[in-house]
Every structure is written in C-alpha cells, then in structure tokens.
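Report on the following structure.
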Amino acid sequence: MQNIDFKKIDQKIAEKMRVFSIPALRISFGIIFFWFGILKPFGLSSAASLLKATVAWLPFGSPENWLIVIGWWEVVIGICFLFQKTTRIAIALLFLQMVGTFMPLVFLPEITFQQNNILLPTLEGQYIIKNLMVISAALVIGGTVYKRK
1 MQNIDFKKID QKIAEKMRVF SIPALRISFG IIFFWFGILK PFGLSSAASL
51 LKATVAWLPF GSPENWLIVI GWWEVVIGIC FLFQKTTRIA IALLFLQMVG
101 TFMPLVFLPE ITFQQNNILL PTLEGQYIIK NLMVISAALV IGGTVYKRK
C-alpha cells in the first residue's frame with residue numbers, strides 16, 4: 001500500500017485556494033452588489049423600508065430618491081468589482097456605502113436590536129453587522145491590488 005503524503009495534498013489544495021479566492025470574492029461582490037442594488041430603484045428590495053427610515057432625517061432628498069441613488073450606487077460597486085482595473089473605485093465606493101449601512105445601528109436601535117440591547121440584534125441588526133465580513137473581504141481584495149516583486 002502506498003503512503004499518502006497529506007502535506008503535499010494540503011499544499012496543492014491551498015495553492016488552488018490561493019488562485020481562485022480573490023476572483024471568487026470579486027465575482028461574489030459583483031453579483032451581490034449588482035443584484036441587491038438593482039432591486040432598490042425598482043422598489044423590489046426587502047431592505048427598502050429600513051433604508052428609507054435610515055435616511056428620513058436627511059435635510060435634502062426624499063427617502064424614495066435616496067433609495068434609488070443608493071441602489072444605483074450599489075450597482076456601480078458590483079460592476080466595478082468585476083474588473084481588476086476598477087477595484088480601487090469599487091472599494092472606495094463600498095467603504096462610503098458601509099458608513100450609511102451601519103447608521104441604523106445608531107439611529108434606529110429599536111429596529112436593529114431586541115429591547116434596545118446591543119447583545120440581541122434583530123434580523124435587521126444581524127443583516128447590518130454581517131457587513132463587518134464584507135469590509136474584511138474588501139480589505140483582502142484591496143491588499144492584492146499591488147503584487148510584490
């Protein structure tokens with residue numbers, strides 16, 4: 001019986017992961033931001049009411065207009081992630097968008113936390129908090145913009 005070299009198998013798997021991980025993240029970002037974004041201008045997003053409640057206090061623009069603007073903003077983020085040359089633009093737009101994404105945690109705690117307890121996020125709160133992972137993945141992609149020689 002032949003001796004199996006698990007270290008070599010592990011190295012080959014890790015190399016394949018290294019090759020496919022960044023493209024997979026970029027495509028995932030592209031699909032998710034385009035998909036979720038395009039729903040907003042057409043009034044089909046399940047996040048519309050939360051978004052409108054979040055921007056209602058802004059002194060200019062109606063919540064409906066903000067929904068459209070933010071939706072197209074997300075579409076642009078998605079498209080930019082699909083092309084390596086526009087990665088920096090995608091990440092910059094994403095980080096600006098994330099500032100707004102976290103606003104309901106501060107301005108709408110009655111919607112984002114059960115009994116206003118920060119340890120008990122509602123489904124909406126969990127939806128927002130998971131964006132920490134989105135930010136982390138964007139940092140990973142951003143870290144590959146310049147290849148070391």
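The letter at position 121 of the sequence shown is residue 121 when you use the UniProt record's numbering, and the numbering goes up by one with no holes.
Heads up, the beta-carbon is just placed ideally off N, CA and C, and yes, glycines get one too.
Look up residue i in the DSSP assignment and say whether it is helix, strand or coil.
| i | result |
| --- | --- |
| Val145 | coil |
| Lys130 | coil |
| Val70 | As written in the sequence, residue 70 is Ile, which differs from the Val given in the question. Looking at Ile70 - three-state DSSP - the assignment turns out to be helix. |
| Gln2 | coil |
| Ser49 | helix |
| Ala56 | coil |
| Lys40 | coil |
Are there 16 or more other CB atoms within 10 angstroms of the CB of residue i, so buried, or fewer, so exposed?
| i | result |
| --- | --- |
| Leu123 | exposed |
| Ile144 | The identity of residue 144 in the sequence shown is Thr, whereas the question assumes Ile. So Thr144 ends up on the exposed side. |
| Gly61 | exposed |
Give me the Cα-Cα distance between residue i and residue j, rounded to the nearest whole angstrom.
| i | j | result |
| --- | --- | --- |
| Ile70 | Lys40 | 8 Å |
| Thr112 | Leu132 | 15 Å |
| Trp57 | Phe36 | 23 Å |
| Gln11 | Arg18 | 10 Å |
Kindly indicate if chain B contains any beta-carbon less than 7 Å away from that of residue i.
| i | result |
| --- | --- |
| Ile91 | Here there is only one protein chain, and chain B is not present. |
Assuming the contact rule is C-beta atoms closer than 8 Å, residue i and residue j should be a hit. Round their C-beta distance to whole Å, please.
| i | j | result |
| --- | --- | --- |
| Leu119 | Thr54 | Not a contact, Cβ separation roughly 22 Å. |
| Phe33 | Glu74 | 5 Å |
In chain order, what are the residue ranges of uninterrupted alpha helix (DSSP H) at least 4 long that sit wholly in the stretch 73-126? Counting only runs of 4+ residues, the alpha helix (DSSP H) found wholly inside the stretch 73-126 occupies 87-107, 109-112, in chain order.
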